[in-house]
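Below is one structure; the comments refer to it alone.
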Amino acid sequence: MVLLNVDGVECCYGSIKILENVNLIVKEGDFVGIIGPNGSGKSTLLKSISRTLKPHKGTILLDNKNIYSLKSMDLAKQMAVVPQDNTISFSFTALEVVLMGRSPHMSRFQMETESDMAIARKAMDLTNTWHLAGRFVNELSGGERQRVIIARALAQKPKILLLDEPLTYLDIINQLEIMDLVKSLCEKEGIIVMTAIHDLNLAARYCNTAILLNKGKIFSAGRLDEVLTSENIKSVFKVDAIVKKNLVTNSLYIIPLSPPKSSPIKNCAIHLICGAGTGTSLMKILLEEGYSVTAGVLNVLDTDFETAEFLNIPVTSEAPFSPITEKTRKDNLAMISKASTVVVTSVPFGHGNLQNLEAAKEALKKGIPLFVIDEVPIESRDFTQGQATALLEGLKSGGAVFVKNQDELLHMLNVSEEKLKMAKNVPPSVADHLKAARAS
Amino acid sequence: MSGDKVEGTYIKRSSRWKLILVTLIVALLVTILVSLNIGYASISFSEILDILGKQIPFLNGSINSASISPTSEAIILQIRLPRVLAGALVGAGLAAAGVIYQGVFRNPMADSYLLGASAGASVGYTVAVLYVTSALTVIGLGTAQLFAFIFALLTVFLVLLISRVGTKIPTTTLLLSGIVVNIFLLAIETLMELRSGQALTGIVAWLAGGFSNIVWLQVWTILPFVFIGIAVTYFFTRDLNMLSMGDDTAQHLGVNTERVRIFLLAVASLITAAAVAISGVIGFVGLIIPHMTRLVIGPDHRILLPASAITGAMFLVICDAVARVATGAAELPVGVITALVGTPFFIYLLRRRKTSYSL
Chain A
1 MVLLNVDGVE CCYGSIKILE NVNLIVKEGD FVGIIGPNGS GKSTLLKSIS RTLKPHKGTI
61 LLDNKNIYSL KSMDLAKQMA VVPQDNTISF SFTALEVVLM GRSPHMSRFQ METESDMAIA
121 RKAMDLTNTW HLAGRFVNEL SGGERQRVII ARALAQKPKI LLLDEPLTYL DIINQLEIMD
181 LVKSLCEKEG IIVMTAIHDL NLAARYCNTA ILLNKGKIFS AGRLDEVLTS ENIKSVFKVD
241 AIVKKNLVTN SLYIIPLSPP KSSPIKNCAI HLICGAGTGT SLMKILLEEG YSVTAGVLNV
301 LDTDFETAEF LNIPVTSEAP FSPITEKTRK DNLAMISKAS TVVVTSVPFG HGNLQNLEAA
361 KEALKKGIPL FVIDEVPIES RDFTQGQATA LLEGLKSGGA VFVKNQDELL HMLNVSEEKL
421 KMAKNVPPSV ADHLKAARAS
Chain B
1001 MSGDKVEGTY IKRSSRWKLI LVTLIVALLV TILVSLNIGY ASISFSEILD ILGKQIPFLN
1061 GSINSASISP TSEAIILQIR LPRVLAGALV GAGLAAAGVI YQGVFRNPMA DSYLLGASAG
1121 ASVGYTVAVL YVTSALTVIG LGTAQLFAFI FALLTVFLVL LISRVGTKIP TTTLLLSGIV
1181 VNIFLLAIET LMELRSGQAL TGIVAWLAGG FSNIVWLQVW TILPFVFIGI AVTYFFTRDL
1241 NMLSMGDDTA QHLGVNTERV RIFLLAVASL ITAAAVAISG VIGFVGLIIP HMTRLVIGPD
1301 HRILLPASAI TGAMFLVICD AVARVATGAA ELPVGVITAL VGTPFFIYLL RRRKTSYSL
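Going down the list, the sequences are from chains A and B. If you're matching positions, the first sequence starts at 1 in this note's numbering and goes up one per residue. If you're matching positions, the second sequence starts at 1001 in this note's numbering and goes up one per residue.
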């Protein structure tokens, strides 16, 4: 059983403490994701484990042996490192680079044997680099070179593989291929894998263990689902995030929300009449702009409904795929009456949700300002033989403001808000004066 | 090219390497022979071969010594042969040192004088010429040459000492302190030259490098430095390959980077100091020969080191031959020739390559 034991490690650059009291036990089969914001000490932790940066305090034991008292060669037989920066300036061929991985297993006076070649070949087959064998590494693409470097690490036949941000220069398919490869090594060969990784979703998808670092200390460590919680993410990354289970990959996934803007909370409640995803981005933007948002009526399972759930937006909802009942209609009207503005998106209308347009009409009657986003022509989204079209016409003549898209809506909302402010802040005499000036 | 084909050529490469080395050695021997033929007195090839054959045990019986004139024998054995061999040894040493420095520093600008060996030697030589009156000779080296050797080593040691941070010697610090110490010593050198009066011509001539006053003893003196130095380094060529991937990577591949680096720098500096002591500061060889060789045979130090050494030997022998005949009476300094001959050839190699060259 391979065991890595990090005990009370403390690392400094000059007088600045980078790592403080780090304690870890990592064992065979662990695929450890080291996560944390920039400067939290991820790379430093890997450096101290790979013997590049000697800790000021604490010990690092690999199979109960202090790695700092091992010979370089002996450590290299057990531990391989894939560095963050993989540029190689000498024009060695890929095969030559991979064969360098055999070096710790060779004596100073030896040439590579056939078995070394066989091991190198297997490593290159695994990383899908065999066809690159004769190419110069300095002329390979970032992804190809990274796979060659991983092949070199595999040729070392390590018990523990350290990767420092291995995916930085890679496109998505290369990222997935490399993580798949590393995961299978971890599972099949029992290699301990530790990787510093920025992408929380890739960490969530592949790692089974996580270490969350914050300002040089371990904030949380353990099973992935224990570490990757929205509370932890919030307190370390200062970002609101939704953590859900992805049913396709059967792994956690994280949706970070934009960091809260400095824009002040506006004393303005907007009710959205939307559906089928037409309100999704608007909900997020309005929240970020500081509006309070409600929505309805939406069917459960509708995209907009799910978004509203994510964003904790109050919704009047109806059972899945069901027309709006009398009760929900009334609930919705009650919600609308509390709003200061109502917005209708370019949602398709059928008999099931035609009630929502009626509700908008009610709002207009009550004197609540009504905006209609007319992005998609009503003819193409009216499935009610013209009833919806007629209702919209009615809204227009009743004083609803029609805008072309979201941007125009936001602009109009700002304008009307400024007007409101002015009405509040500016003494009436001046406002009257202004009005008079405009009239003339 | 498919992987299997590459694997095949890789496995066959040790025989390819042998072929390269044998070819180069033959070429070097021919160069030496031709170079022995070049000079003021004309001595035919057959006579040269007879003279050389006479020196070889078991072979000398079959050689008719009647055809050899004593003058020719003296010229070849006492003047030309030591000179040519010294040129070969210095060329091999400087080129090998250049390979080591470039590999250790991963820097194409690195050459055998990077850590101040040349500047140190210059100062040492000048100090001896100007201020040391006692004439002593140790193992074939005169006072000034001895001073050059010692000063060269002291300078490298000083540079290493300056750039030490804790137990480590970071590459960039080492490079910079090498450059700075070089500049400092050159300033001192200039100062001394300005006050040297009559001795100036001699100093400048020596600094430019040359082999005009070589005696056998000096050849024997430099021989172990070059041979043992290259032989020892050969066992570290795989480490040099890994060092060229970067210090961290080398360490992760099991190289004790600090120790190996210091050791190799020490070896390279000893070779350089010995070379400079007997022949003065010959530039270009330690910079360009490793590049030339790398351009042709690739960056693997296991072949690069010996191939560069032989190429360097050949190159300097040719340059010295040119120096001897180029201007009749007054010899050109060989350092001038190396640059004049080497640069066009190097440009040709650079331009010939389809892809951009990186170290």
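Quick reminder that beta carbons are idealized off the backbone N, C-alpha and C, glycines included. Quick caveat: nothing in here was measured; it's all calculated off a predicted structure.
- The alpha-carbon separation between residue 10/A and residue 35/A amounts to approximately 18 angstroms.
- For residue 85/A, no alpha helix (DSSP H) run applies, since DSSP gives it neither H nor E.
- Secondary structure at residue 1106/B: coil, using DSSP grouped into helix, strand and coil.
- Annotation for residue 244/A: the continuous beta strand (DSSP E) segment containing it runs 241-246.
- Within the stretch 134-157 of chain A, 134, 138 and 139 place their CB atoms closer than 7 angstroms to a CB of chain B, listed in sequence order.
- Among the bridge pairs identified by DSSP, residue 137/A is matched with none.
- The alpha-carbon of residue 1289/B is positioned some 6 angstroms away from that of residue 1312/B.
- Sequence-ordered contacts of the stretch 185-203 of chain A with chain B are nonexistent [C-beta pairs closer than 9 angstroms].
- For residue 15/A, no CB of chain B lies under 8 angstroms from its own CB, so it is not counted at the interface with that chain.
- By the beta-carbon neighbour count (other beta carbons within 10 angstroms, threshold 16), residue 68/A is exposed.
- Secondary structure of residue 48/A (DSSP, three-state): helix.
- Within 7 angstroms of the CB of residue 1255/B, the CB atoms of chain A belong to 72, in sequence order along the chain.
- Across the stretch 1295-1318 of chain B, CB contacts with chain A closer than 8 angstroms involve 1298, 1299 and 1300, in sequence order along the chain.
- Under the DSSP assignment, residue 273/A falls in the beta strand (DSSP E) whose first and last residues are 269-273.
- In this structure residue 207/A touches residue 32/A by the C-beta definition: roughly 6 angstroms separates them, less than 8 angstroms.
- Taking all protein chains shown into account, residue 1242/B has 16 or more neighbouring C-beta atoms within 10 Å of its C-beta and is therefore buried.
- Boundaries for residue 1058/B: no beta strand (DSSP E) harbours it, and the DSSP string shows neither H nor E there.
- In this structure, the alpha-carbon of residue 1193/B lies about 15 angstroms from that of residue 1183/B.
- Under the 8 angstroms criterion on CB atoms, residue 98/A is classed as non-interfacial with respect to chain B.
- Residue 276/A and residue 252/A have their C-alpha atoms roughly 25 angstroms apart.
- By alpha-carbon distance to residue 1087/B, the top candidate from 1306/B, 1159/B and 1213/B is 1213/B.
- Residue 179/A is classed as buried because its beta carbon has at least 16 other beta carbons within 10 Å across all chains shown.
- According to the DSSP secondary-structure assignment, residue 217/A is paired through a beta bridge with 214/A.
- In this structure, residue 22/A lies near residue 218/A, with their beta-carbon atoms less than 8 angstroms apart.
- If the five residues before and after residue 152/A are omitted, its C-beta is found closer than 7 angstroms to the C-beta atoms of 97, 98, 100 and 101, all from its own chain and listed in chain order.
- By the neighbour-count criterion, in which 16 or more other beta carbons inside 10 Å mark a residue as buried, residue 376/A falls on the exposed side.
- By the Cβ neighbour-count rule, residue 335/A is buried, with 16 or more other Cβ atoms within 10 Å of its own.
- For residue 1259/B, the closest C-alpha among the options 1170/B, 1286/B and 1306/B is that of 1170/B.
- The criterion of a C-beta distance shorter than 8 angstroms is not satisfied by residue 341/A and residue 274/A.
- Beta-bridge analysis with DSSP links residue 192/A to 160/A.
- Chain B has a Cβ within less than 8 angstroms of the Cβ of residue 76/A.
- Closest in C-alpha terms to residue 1320/B, from the list 1107/B, 1152/B, 1336/B and 1166/B, comes 1336/B.
- Residue 253/A has 244/A as its beta-bridge partners, per DSSP.
- Distances from the alpha-carbon of residue 1175/B to those of 1218/B, 1023/B and 1115/B put 1115/B closest.
- Along the length of the stretch 1230-1261 of chain B, whole alpha helix (DSSP H) runs at least 4 residues long occupy 1237-1243 and 1247-1252, reported in chain order.
- Sequence-distant Cβ neighbours of residue 168/A in its own chain, meaning closer than 7 angstroms and more than five residues away, are 84.
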